[in-house]
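Residue numbers (numbering that gives the first Met the number 0): 0 to 881. Note that beta-carbon positions come from the ideal geometry of N, C-alpha and C, so glycine has one too. Please read these numbers as outputs of a predicted model, since none were measured by experiment. Here the structure is laid out as structure tokens; the discussion comes afterwards.
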Amino acid sequence: MVTETMARAYEPAEVEKRWYATWMERGLFRAEPTPDRKPFCIVLPPPNVTGALHMGHALDHTLQDMLVRRKRMQGFEALWLPGTDHAGIGTEVLVRRQLAEEGIDPQELGREAFIERVWAWKERYGGRIVEQMKRMGSSCDWDRLRFTMDEGLQRAVRVAFVGLYDDGLIYRGERIINWCPTDQTALSDSEVEHREVDGELITFRYPLADGSGHVDVATTRIETMLGDTGVAVHPGDERYRGLVGKAVRHPFADQDLPIVADQAVDPSFGTGAVKVTPAHDSNDFEIAERAGLARRNILSADGTISDEAPKPFRGLDRYEARKRVMEALRELDLIVAVERPYRHAVGHCYRCGSEVEPWLSGKQWFVAVERLTGPAKQAAIDGRVAFFPERWLGPYTTWLDNLRDWNISRQLWWGHRVPVWYCPNGHEFASMEDPDACRECGSADIEQDPDVLDTWFSSQLWPFSTLGWPDETEDLTYFYPTSVLVTGYEILYLWVARMIMSGLYLVGDVPFRHVLIHGLVRDEQNRKMSKSLGNVIDPLDVIERYGADALRYSLARLATPEQQNIPFGMREAEAGRNFANKIWNAARLVLGAAQIDGAPVLPPEDARSPVERWLLSRHEACREEVDRAIDEYRFADAAQALHRFLWSEYCDWGLEMEKPRLYEGSPEEREAAGSVLAWVLERTLRLLHPIMPFLTEELWQRFGIGDSIMVSDWPEPHPEHRDADAESRLGFAEDLVTAVRSFRSGHRLGPGVALAVRVRADGGQRETLGALDEEIRRLARLDRLDVAEEPGEAAGHARLVVQGAEVLIPLAGVLDPAVECDRLRERLAGIAEQAERSARKLDNQGFLSKAAPAVVDKERAKLGALEEERAVLEAQLAELGC
RNA sequence: GGGCGCGUAGCUCAGCGGGAGAGCGCUCGCCUCACACGCGAGAGGCCGUAGGUUCAAAUCCUGCCGCGCCCACCA
Numbered sequence: 000m001v002t003e004t005m006a007r008a009y010e011p012a013e014v015e016k017r018w019y020a021t022w023m024e025r026g027l028f029r030a031e032p033t034p035d036r037k038p039f040c041i042v043l044p045p046p047n048v049t050g051a052l053h054m055g056h057a058l059d060h061t062l063q064d065m066l067v068r069r070k071r072m073q074g075f076e077a078l079w080l081p082g083t084d085h086a087g088i089g090t091e092v093l094v095r096r097q098l099a100e101e102g103i104d105p106q107e108l109g110r111e112a113f114i115e116r117v118w119a120w121k122e123r124y125g126g127r128i129v130e131q132m133k134r135m136g137s138s139c140d141w142d143r144l145r146f147t148m149d150e151g152l153q154r155a156v157r158v159a160f161v162g163l164y165d166d167g168l169i170y171r172g173e174r175i176i177n178w179c180p181t182d183q184t185a186l187s188d189s190e191v192e193h194r195e196v197d198g199e200l201i202t203f204r205y206p207l208a209d210g211s212g213h214v215d216v217a218t219t220r221i222e223t224m225l226g227d228t229g230v231a232v233h234p235g236d237e238r239y240r241g242l243v244g245k246a247v248r249h250p251f252a253d254q255d256l257p258i259v260a261d262q263a264v265d266p267s268f269g270t271g272a273v274k275v276t277p278a279h280d281s282n283d284f285e286i287a288e289r290a291g292l293a294r295r296n297i298l299s300a301d302g303t304i305s306d307e308a309p310k311p312f313r314g315l316d317r318y319e320a321r322k323r324v325m326e327a328l329r330e331l332d333l334i335v336a337v338e339r340p341y342r343h344a345v346g347h348c349y350r351c352g353s354e355v356e357p358w359l360s361g362k363q364w365f366v367a368v369e370r371l372t373g374p375a376k377q378a379a380i381d382g383r384v385a386f387f388p389e390r391w392l393g394p395y396t397t398w399l400d401n402l403r404d405w406n407i408s409r410q411l412w413w414g415h416r417v418p419v420w421y422c423p424n425g426h427e428f429a430s431m432e433d434p435d436a437c438r439e440c441g442s443a444d445i446e447q448d449p450d451v452l453d454t455w456f457s458s459q460l461w462p463f464s465t466l467g468w469p470d471e472t473e474d475l476t477y478f479y480p481t482s483v484l485v486t487g488y489e490i491l492y493l494w495v496a497r498m499i500m501s502g503l504y505l506v507g508d509v510p511f512r513h514v515l516i517h518g519l520v521r522d523e524q525n526r527k528m529s530k531s532l533g534n535v536i537d538p539l540d541v542i543e544r545y546g547a548d549a550l551r552y553s554l555a556r557l558a559t560p561e562q563q564n565i566p567f568g569m570r571e572a573e574a575g576r577n578f579a580n581k582i583w584n585a586a587r588l589v590l591g592a593a594q595i596d597g598a599p600v601l602p603p604e605d606a607r608s609p610v611e612r613w614l615l616s617r618h619e620a621c622r623e624e625v626d627r628a629i630d631e632y633r634f635a636d637a638a639q640a641l642h643r644f645l646w647s648e649y650c651d652w653g654l655e656m657e658k659p660r661l662y663e664g665s666p667e668e669r670e671a672a673g674s675v676l677a678w679v680l681e682r683t684l685r686l687l688h689p690i691m692p693f694l695t696e697e698l699w700q701r702f703g704i705g706d707s708i709m710v711s712d713w714p715e716p717h718p719e720h721r722d723a724d725a726e727s728r729l730g731f732a733e734d735l736v737t738a739v740r741s742f743r744s745g746h747r748l749g750p751g752v753a754l755a756v757r758v759r760a761d762g763g764q765r766e767t768l769g770a771l772d773e774e775i776r777r778l779a780r781l782d783r784l785d786v787a788e789e790p791g792e793a794a795g796h797a798r799l800v801v802q803g804a805e806v807l808i809p810l811a812g813v814l815d816p817a818v819e820c821d822r823l824r825e826r827l828a829g830i831a832e833q834a835e836r837s838a839r840k841l842d843n844q845g846f847l848s849k850a851a852p853a854v855v856d857k858e859r860a861k862l863g864a865l866e867e868e869r870a871v872l873e874a875q876l877a878e879l880g881c
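In structure tokens form, the structure reads like this:
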């Protein structure tokens, strides 16, 4: 029999390798449009090609695979479409760093050679994360693996760009953008992280040009005063009424700065006068536009002071300039006040963490968003896209409402190049194909825009570009809109919102029906996992130590919907490993004891023991809960339901109570017990498969039912198995066993000490005890279990009350009366407290008249039971005389 | 400055109107014929705080305190 080969402990490594290879070979991950089946589709949020798998991915994969595997079993044509992202800045920076180590200057290397280097890098390291994702057990259709820079996506990007350009939704403009001096590129607003820092607010003085006085202004970036071209006040501000139209004198430049009036100035802040630095502040830029002030760009791309600034400061690093400007102003006695520390938010690059400069960088490309945000908002309000948890809807719509035009040009080499060409005659045009000549004048002397597009410009097309868009492919028609997008909240705006906008505009429908937003994986102490903290857990380490199923189970178990943090430690994975082993051993028992030959068939109802009926009932309850939980994306509840059922119910009570029938019963009893245990186990394996695919496949194979549990049917409902009678009988048996065990433990009686028990019980209970005599005696370790309608002689016995039944255990010399007295007194104290509370409630007229009758009845019954137990225990206490 | 989430057992979290729960950790006893990656029994909680609604509040409402997050062009 197969079970002879089953090891004492589950060993995941070999099983995982073998089954993943088999699934791939058999093409079980593949999905194709199939008209008579309903589609289910998830696109994988593409990780950075050169990245490595981290716990965040592990969580993503666990949840997505759970959804896909279940839908596949439910008969959907389930497609999980994987891919990777070229991650513009991130990858470019890596390759530049590598070149620097080799002493190569990218400029000398040239653009084309550089890009070749990146592709080489991608070929070399790009596949690694895919191999790592496979270790998770993810059932992606790898034949469809896509890359945001592959040919199809290149075309999708071109079509999207040209379409938006022709519709006037993409334009080129000059305005303040976010500039990262380290990566030397522009960033979109979403790529800037605002962090609170302790800076200083410096108030300094501009003397009036005519010498008649002065104006005080404040700033946190004193070096920007080098680029000031004016001073602004609120038009209604009395204090400055006479000054508008005059000018102040710049202390370091031979220049007068006009004083202008502008609504944007808040007269209640600081002195009410604002220095205007048009090239380094978007607000000031607009004021300058309105007032016709000059722009002076005092910063170079690398963050040093440019030649437009007064001479003494040129070439200085921006932080050095900050100090020097401060010193210079102080020498001139122009510093009025310094507030320090001054806490305020400063933008940082989301890639490298450098402080971002608002900067006038020359012309940049923008997506005009006003025609895109409305439909995207409406789709979410209508529920065409639904967020889980729903509370993300609010932040999403607010974000859309406040969205400004999206800067999509990046001064990088790695990425989708802006498909716009210029000719010497001043013509500009966007083109799907690389053109040979100017579309307007035919000049062959054309040049392509040097910039590349924001990585997120291609990412936003992901749900449809991967399905063949812009072509109306069968895939697109069948799988689009996709079913659910699973991701962390950190890219809700960066990515999710943009997919919705572009999907609606370009394809005409939402990209996905559901957006499932989960928390971020943290360490055990709920800290962010980071290399500098040294608390990073590598999913591959977890897989090697405990197995992929253990990792998946532990993540699923932790993934509660409302949480924004998911604290993970090796302990969690260890618990998963233990669970896997528990199931392995339960299967070892069942497969060894039952005659397994194909799909288990349940015995007729009248051949089922109370334990078997109870097991079927509990199993059905578990199935219901798992279904409901996964449908509502409550992964933790699904995992917990399976754990509770398998461990506490199936193993601890079910298997233990079935052993007498299974091992010592008549052939019919053995057959019935084996069949029920096998039937329930086999179905539970299927319910568990989405969470723990490898273990369940390995065990399920031993039933010899079909090719793979992956493509077996999802367990169908059996509401007729719910059995209140069996549940109440087993509830009584469990309570009785537990009471005796507890008594034994309290008296320090080892398992070897024989106990004989007499129970006075009502009719139903007597029937249960009769039917489960052997089972109860086995679990409670009793040699005798006598059952009677009348208590008989109670003297000399310890008394336990279990659901109204009186349990008598002879004290005869074995037991320490002092211990018994302690036990009784403790219990009586508990009873007294509960009874008092209960009596008080029942004395309350309001309770009796207003509470639901069922609640009142329940309270009465409770009090009655407590009083009965009290009487029994008090009698024993009196008898013992303590 | 706006918005959101969270404060329940030592830790991480479920519960969200009528008997305080789980996993891990801890204590005690067990190598009981699937499993010591195990079995059994326990200890441990004025459910952040003050008020309100209700016959009844961990659960609903309000204030406060404490954490955390997101958004924001107040110099």
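- Judged by their CB atoms, ALA20 and TYR170 are not nearer to each other than the 8 Å cut-off.
- When rounded, the separation of the alpha-carbon atoms in VAL541 and ASP59 is 16 Å.
- Secondary structure of ASP724 (DSSP, three-state): helix.
- One Cα belongs to GLY791, the other to LEU814, and the distance between them is close to 21 Å.
- DSSP places GLN410 outside both helix and strand once states are collapsed to three, so it counts as coil.
- Going by beta carbons, ALA804 and GLN833 fall outside the 8 Å limit.
- By the Cβ criterion, the segment 245-262 is in contact with the segment 285-297, since at least three pairs of Cβ atoms, one from each stretch, lie closer than 8 Å.
- Nearest neighbour of TYR9 by Cα position, chosen from GLY74, HIS347, ALA185, ASN584, turns out to be ASN584.
- Cβ-Cβ separation between HIS513 and VAL483: approximately 4 Å, consistent with a contact (criterion under 8 Å).
- Per DSSP, the unbroken beta strand (DSSP E) holding ALA272 starts and ends at 272-275.
- Sorting MET709, HIS688, ALA725, LEU452 by C-alpha distance to the C-alpha of PHE160 places LEU452 at the top.
- Rounded to the nearest whole angstrom, the C-alpha separation of VAL42 and GLY172 is 34 Å.
- Per DSSP, the beta-bridge partners of THR486 are ILE516.
- Between TYR649 and LEU615 a beta carbon distance of about 11 Å is seen, past the 8 Å cut, so the two are scored as non-contacting.
- Under the 8 Å Cβ criterion, the segment 815-826 does not count as touching the segment 844-856, having fewer than three qualifying pairs.
- Here ALA677 is actually not in contact with ARG607; their C-beta atoms are around 14 Å apart, not less than 8 Å.
- In the three-state scheme derived from DSSP, where H, G and I count as helix and E and B as strand, THR481 is classed as strand.
- ARG416 and ASP433 have their alpha carbons spaced roughly 11 Å apart.
- With fewer than 16 other Cβ atoms inside 10 Å of its own Cβ, LEU532 counts as exposed.
- Closest in alpha carbon position to VAL509, among LEU645, GLU561, PRO374, PHE634, is PRO374.
- One Cα belongs to HIS618, the other to THR683, and the distance between them is close to 8 Å.
- Runs of the beta strand (DSSP E) lying entirely within the segment 581-609, each at least 3 residues long, are absent.
- Between GLN410 and THR184, the CB-CB gap stays under 8 Å.
- Where HIS642 is concerned, there is no enclosing beta strand (DSSP E), although the alpha helix (DSSP H) around it starts and stops at 634-642.
- In this structure, THR228 is the residue among VAL324, THR228, ARG248 with its C-alpha nearest to the C-alpha of GLY291.
- Annotation for CYS820: the continuous alpha helix (DSSP H) segment containing it runs 816-842.
- Note that the C-beta distance between THR486 and ILE516 is below 8 Å.
- Judged by DSSP secondary structure, ARG780 falls outside any beta strand (DSSP E); it is assigned neither H nor E.
- Rounded to whole angstroms, the separation of the alpha carbons of TRP413 and MET65 is 35 Å.
- Residue nearest to ARG556 within the set GLU24, GLY762, ALA637 is ALA637 (criterion: CA-CA distance).
- Each residue's CA atom was taken as its position, placing GLY87 and ASN47 some 9 Å apart.
- Beta-bridge annotation (DSSP): VAL366 is paired with ILE169, TRP405.
- Under the Cβ criterion (8 Å, minimum of three pairs), the segment 337-353 counts as touching the segment 179-194.
- Positions of the beta strand (DSSP E) runs, each at least 3 residues long and wholly inside the segment 22-94, are given as 38-42, 76-80 in order along the chain.
- Rounded to the nearest whole angstrom, the CA to CA distance from ALA760 to ALA853 is 25 Å.
- Annotated as distal: PHE567 and ASP537, with beta-carbon spacing of 8 Å or more.
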